[in-house]
Amino acid sequence: MINFNYSKVAFFIVGLLVSYVTKADVHNINAGNYYYSPSTLTIILGDTVNWYNDGGFHDVNGEINSISGESFYNPESFASEEPTGTIGALIHSHVFNVPGVYNYDCSVGNHAQNGMVGSITVQMTNEIQTPQNPVNITFRVNMQNEDVNQSGVFMAGGPWQVSGNSTLGYTAAGISGGTPPGIAMNDDNSDGIWEVTIPLEENSFFYWKFRNGYFENWGAVEGAWEPNFTGLGCGYWDNGDRRILVSTDTTTYDFCFASCDEICPDPPVNVTLSLNTNEYVAPIQTVEVQGSFVGWGPGETLSLSDDDNDGIWTTTILLPANASHNFYYLINGEIESLSSVGSCLSVDPSGEFSTTRILQTSANDTILAVVCFESCLDCGDGIEGCMDSNATNFDENATVDLGGCLYDVTFSVDMTGINPNSFQTVNVNGTFNGWCGACNELYDEDGDNIYTTTIPLQTGVIEYLYTLDGWNDQEIFDSTSTCVLGTASADDSTLIYYNRIDSIQAIQSNDLGVNCYSSCDPCANGSVFVTFKVDMSNEVVSDGGVFIMGNFNSYNFTQTPMTDVGNNIYLATVTLTSNVDYIYKFVNGGFNNLESVSGLDCEFVNGFRGLNVNNDTELAPTCFNSCDLCPNSDFYGCTDPNALNYDEFALVDDGNCIIPGCTNPAADNYNANATEDDGSCTYCNSFEVFLVGIQNDMEANCSGYVLANGQGGSGNYDYNIVNENGVPQNPFGLCAGDYVLTFIDLTTNCQEQININIDGPSTIINGCTDQLACNFNETATNEDGSCTYANNNADCNGNCLTGFTSVNGSCVAIVNGCTDATACNHNSSA
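Mapping to the numbering used here: the sequence shown position 453 is 475, numbers consecutive.
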């Protein structure tokens, strides 16, 4: 093992906390009589150094030390092609693209022995943008177990999922431009502990790994990157990156390279891997292994060999002691397809990542058992798998049942009452996924506000919670909740965590039911969107902003900011529960300027406004500290849709509507609501038309005519006649038929119409037209005076009507009584 002098690789970080594009410079070194001038030089990564000859015969040698005969071990080699003796000539030029300390000498004769040596320190600029809420965090890493690369130590990498989504946190790659080199560290006192201080966003997650050496691609060399920390308990996401939550409580973090904490681990151990390929049908060209110890990218593999041609391929690799590692085998570049059940497997319960093999190292060298491709057993030893047909991972070909069967579990949560603008994703976190944060997302595909997902899990008791945006927010329970289990914190036994608890059964589908977020019960009411508005025209708006507080946000006067939408109107939309009483106030800046509507009509209680709605509602922009609109509010206006100046945005009528119409009370069409006369008044109610005469067309030669006149008008009249087809006719030459006469007052344009019928000869029938006559002819059209009538109290046949009798030729009323003149009760009228 080569141990470098730390003083040779220590260098400072330039430009930390400042984001800018570094401009490359050119530096000149003169070479003369046993000297380089300057003999020491500090430059920036990407700078160029030119060596010029002042006199004599010299070269530039940055490869093999001319004095010791050993390598300079520079971060990258450089040397001139041949010595030159020309005064003023360029001996060599080199662009330094790797940071670190470079030593060189003149290899001509004994020039180096006589002191013609030089040193160049290449510094890397950390171009990091200062975040909005910065906390300066110092990272320190102990490199005592490592051969430190001449280019130094770096913080780099981070999960790609986080780099593109700041809501999940930040990564070393992300804040350093998204490139592999990362953030340079320094060891100024050469004690083997490298450190750097960088500004990070408060209350955010930060992900990284330490890397030994400067590299411009993600691959680097074996051992340069720290391992996948997932198996060590401090790794996150697919590559097992480090993570901290940025806080002012802790501003310095100490680690050992390749360790979860500051304690440097035991030395690495040898692990021998063996793969039996004798059941692989196709010819075998290559057998490789890929895993957390080498990387998961294309080409990031280690080769196995079969030196004795027995079909068993092996390799021995150096891995950290007492650590877990994920891996799989490849034959001819084909990755093995592993099931979800096996004694050697690591299965991601969320299904986000593929199944891999897993190995656990100890403090001693380990030889793993020989296994068959795509199996945890040796070839011929059977097939491991789940043998329960109810399981989602049932394998009908399995011959060895190891348990590990997975059963569908459906999680559902009702987000009624939670503002949808306050979160982007709903997640479930629990003992089954390591409380991983954002790895299991629920979805509301039908818009009913119920978010669901189905995850295959093993049987047994699980604890879980629904969370928002990973761990940005979470459900809160207490000891009164009936669906939770209380667990004391390992750090503070007085702190109790309350998690939901359920039991997974060996059945095809486990449905955990639908509960309200942060509740053990279904939601009582539905969610509604309420848009609050306040007019700040009469106020000096605080630089802190305008807010709304109420019992829907625990009276937190800064939790719900309102947005300035123009014209001094501020707006905020909040998700509330229908048919529930809410109280609220508007806030100008902070607690010292809460509005009060005490004593006003809109007061609900204690100076608070009140609200209870059963559907989505948009409230009027009332004035701050008032129940009404502000005096000069843009929401005063004409609210009558029939008005010329109707304002669709007006909420309160200002009495200035302009309504056109007839304003003369004497007119027929007088409009009491009209504010502006439009000249439409008419005066036709007293106008009448009457027929002066009418002549039928008795000769069938269109000799019929109509005479008409009017009264109650101007006296300036005219009339016209049209037939039933609307064709104009001569009023004095009408044929038999039906007509419409229109009588017009030419001065006022008042009109009246009369329907006219002109009879012809074929339609005249003489006869009695009186329906009371005995000889009434219902078909007669012309009365000819022939009507005859019945006598009094008799019908047309001369018979007395009922109740009458004939006396002396006349019908008289019957009077009942005694008609015997000798009788005492004789009635002379009977």
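Ideal placement from N, C-alpha and C gives every residue a C-beta, glycine not left out.
DSSP-derived helix/strand/coil call for residue i
i: T935; result: There is simply no residue 935 to check, as the chain begins at 23 and stops at 852 in what is shown.
i: F671; result: coil
i: I353; result: strand
i: P478; result: strand
i: P442; result: helix
i: L222; result: strand
i: A304; result: coil
i: E253; result: At residue 253 the sequence reads Gly, which differs from the Glu that was named. It is helical.
i: G235; result: coil
i: F613; result: helix
i: F554; result: strand
i: Q717; result: strand
i: Q751; result: strand
i: I24; result: Low confidence applies here, because I24 scores a pLDDT of 31, under 50, leaving its location unreliable and the question unanswered by this model.
i: T801; result: coil
i: N348; result: strand
i: T336; result: strand
i: S851; result: coil
i: S185; result: helix
i: F630; result: strand
i: N575; result: helix
i: A280; result: coil
i: L367; result: strand
i: L190; result: helix
i: G196; result: helix
Buried/exposed call for residue i, threshold 16 Cβ in 10 Å
i: Y811; result: exposed
i: P320; result: exposed
i: G820; result: exposed
i: L517; result: exposed
i: A835; result: exposed
i: A195; result: buried
i: I109; result: exposed
i: H80; result: buried
i: Y519; result: exposed
i: C461; result: buried
i: T377; result: buried
i: C846; result: exposed
i: N788; result: exposed
i: T844; result: exposed
i: N849; result: exposed
i: E617; result: buried
i: S368; result: buried
i: Y124; result: buried
i: Q151; result: exposed
Cβ-Cβ distance between residue i and residue j below 7 Å
i: S564; j: N532; result: no
i: T597; j: N354; result: no
i: F712; j: D767; result: no
i: P342; j: A280; result: yes
i: T438; j: C505; result: no
i: D283; j: G180; result: no
i: C724; j: G755; result: yes
i: C542; j: S501; result: no
i: L295; j: T337; result: yes
i: T189; j: D468; result: no
i: Y473; j: V450; result: no
i: V82; j: P105; result: no
i: C863; j: S702; result: Residue 863 lies beyond the stretch modelled for the chain, which goes from 23 to 852, so this question has no answer here.
i: S176; j: A206; result: Looking at the sequence shown, residue 176 is not Ser but Phe. Cβ distance < 7 Å, so F176 and A206 count as in contact.
i: C772; j: C822; result: no
Residue i - partner residues in DSSP beta bridges
i: Y519; result: T509
i: S808; result: Beta-bridge pairing links S808 to no other residue.
i: T160; result: T219, T274
i: A206; result: F176
i: F765; result: Y741, E774
i: H116; result: V71
i: L756; result: G726
(message) Going residue by residue through the region 822-846, where are the continuous beta strand (DSSP E) segments of at least 3 residues, counting only ones entirely within it?
(response) Inside the region 822-846, DSSP marks whole beta strand (DSSP E) runs of 3 or more residues at positions 826-829, 832-835, from first to last along the chain.
(request) Any chance you could list the beta strand (DSSP E) runs of at least 3 consecutive residues sitting entirely within the region 38-106, in chain order? (result) You should have 48-54, 57-59, 62-66, 70-75.
(request) Kindly provide the ranges of any alpha helix (DSSP H) runs that are 4 or more residues long and lie completely inside the region 389-464, ordered along the chain. (result) Segments of the alpha helix (DSSP H) lying fully in the region 389-464: there are none.
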